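In what follows, a single structure is set out as structure tokens and then discussed.
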Amino acid sequence: MSKSPAVAPPVAPPPSLWRLFLGFLMMGATSLGGGVIAYLRTGLVTRYRWLDDATFVELMAISQSLPGLNATNMSILAGDRLRGWPGALVAALGMCLPGASIMTAAAFAYGIGGDDPVSKAFLHAIAAGAVGLITVVLVQLGAKMLTEIADYVFVALTAVLVALFHVPVPYALIGVGALAIWWHRPRSTGPHKATDPQPNDPAS
Amino acid sequence: MKQLIDLATVFGYISLLTVGGGMAAFPELKQLTVDTYHWVTFPELMHYYSLGQLAPGPNMMMVASIGAQVAGLPGAAVVLVAFILPTGLLTFGIGRLWNRLANWPWRASIQRGLGSVSVGLVLAGGIVLARGALTDLMMIALAAGVFALLMLTKINPAIPIVASGLVGLAAYMI
Chain L
1478 MSKSPAVAPP
1488 VAPPPSLWRL
1498 FLGFLMMGAT
1508 SLGGGVIAYL
1518 RTGLVTRYRW
1528 LDDATFVELM
1538 AISQSLPGLN
1548 ATNMSILAGD
1558 RLRGWPGALV
1568 AALGMCLPGA
1578 SIMTAAAFAY
1588 GIGGDDPVSK
1598 AFLHAIAAGA
1608 VGLITVVLVQ
1618 LGAKMLTEIA
1628 DYVFVALTAV
1638 LVALFHVPVP
1648 YALIGVGALA
1658 IWWHRPRSTG
1668 PHKATDPQPN
1678 DPAS
Chain E
2 MKQLIDLATV
12 FGYISLLTVG
22 GGMAAFPELK
32 QLTVDTYHWV
42 TFPELMHYYS
52 LGQLAPGPNM
62 MMVASIGAQV
72 AGLPGAAVVL
82 VAFILPTGLL
92 TFGIGRLWNR
102 LANWPWRASI
112 QRGLGSVSVG
122 LVLAGGIVLA
132 RGALTDLMMI
142 ALAAGVFALL
152 MLTKINPAIP
162 IVASGLVGLA
172 AYMI
């Protein structure tokens, strides 16, 4: 990040556990429409000033490389930075609680009204719209992570194995993953040097 | 009890596959919950996924719906813990370790290598969802419309997503 320290907002002192929980609960309850990461950045960096932008981007790079939902992983990492393991716990709880409660309630509501063809028509069309949203996410992820032709080959190989040949995800993940990591292996002398794929636009 | 253990096993396992986002685990989620255990039908799974789009927070909180449909409140609780706790502990541990690995040359290799594989997994998840959701020309048009709108404008994704639901509703009514 090349942001000058004069422009970057100063970081506030770490919040109490209770304030931390409330902050993440608010972000978990208001982040509608996917893209929770954008809400997290607005909340953590701009609104509460608990993290600076450089730290946020660093934590996001870790979140994306590990299994788990990006928003949950971010909450755990940010909570740990701010308040140690209790902070990680309350941050993840706050992030997940609103959506999880609503979706649990939704299952009971669906049991009552899910066979209704009107709500089926509504939900089916939303799934179609979500395909468009996923395509956007793919384009954005791709622009950030794919830098050479080999990367696109790994993407295609993974997708074809899983979606067309029904290879279980772990085999594809480990198999193609090992191949891709080996391809990007550290080379101390060669011209090709693996660099961190720094996600430069955390708002997307 | 057997059912709760099955739920915990399946969702603990699926959570480990969500590299790059929840969508990466969608093919395996469909395989296990629909084809293997028959907890939900594919349309039901898609409908819960759609509801997850409308709920705040991570979209994949829709796994709680599957748990609730199978085994009520205990089912939802078991699924949530199984889905969040293992990867949460992993992230917590590696998050602390990661800083010490800053100068380890393989760190960048792992990030780049897993980066492309995770995009491939999200793509595979998208294909599986598209097979179920894009059943006629109107659905394809809705997906294309949402894609175009989100690429060209800075609109909140919730708006075109809800709008596509309303279009589906209107088309059904007519």
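Chains as they are written, first to last, in the numbering used here: chain L, 1478 to 1681; chain E, 2 to 175.
Ideal placement from N, C-alpha and C gives every residue a C-beta, glycine not left out.
Note that the structure is a prediction, hence the values are computed from the model and not measured.
Item, Value
"To the nearest angstrom, how far is the alpha carbon of G1571(L) from that of I175(E)?", "42 angstroms"
"Where does the unbroken alpha helix (DSSP H) through A25(E) begin, and where does it stop?", "Here A25(E) belongs to no alpha helix (DSSP H), and DSSP marks it neither H nor E."
"Is it buried or exposed for A134(E), if we count other Cβ within 10 angstroms and need 16 for buried?", "buried"
"Hey, is the region 1645-1656 of chain L in contact with the region 112-122 of chain E, meaning 3+ C-beta pairs nearer than 8 angstroms?", "yes"
"Looking at C-beta atoms only, is the number of pairs between the region 1527-1537 of chain L and the region 2-11 of chain E that lie closer than 8 angstroms three or more?", "no"
"For A131(E), which option in A1640(L), V1595(L), F1631(L) has the closest C-alpha, if you only look at C-alpha atoms?", "A1640(L)"
"At a CB distance below 8 angstroms, what residues from the region 26-57 of chain E approach chain L? Give them in sequence order.", "A26, P28, E29, Q32, P44, E45, M47, H48, Y49, Y50, S51, L52, G53, Q54, L55, A56, P57"
"Rounded to a whole number of angstroms, what is the C-alpha to C-alpha distance between G23(E) and T1624(L)?", "23 angstroms"
"Is there a Cβ from chain L that is less than 8 angstroms from the Cβ of R101(E)?", "no"
"Any C-beta of chain E sitting closer than 8 angstroms to the C-beta of M1537(L)?", "no"
"Name the chain L residues whose beta carbon is nearer than 8 angstroms to that of I95(E)?", "I1539, L1543"
"Quick one: residues in its chain with C-beta nearer than 8 angstroms to the C-beta of F1498(L), no 5 flanking neighbours on either side, listed in chain order?", "V1567, A1568, L1570, G1571"
"Counting C-beta neighbours from all protein chains within 10 Å, is the total for D1557(L) 16 or more, i.e. buried, or is it exposed?", "buried"
"From the DSSP secondary-structure annotation, give me the bridge partner or partners of P1544(L).", "V20(E)"
"Are the region 56-65 of chain E and the region 97-107 of chain E touching by the rule of at least three beta carbon pairs closer than 8 angstroms?", "no"
"Just confirm the distance between the C-beta atoms of L1521(L) and A1555(L), as a whole number of angstroms; I'd bet it's less than 8 angstroms.", "6 angstroms"
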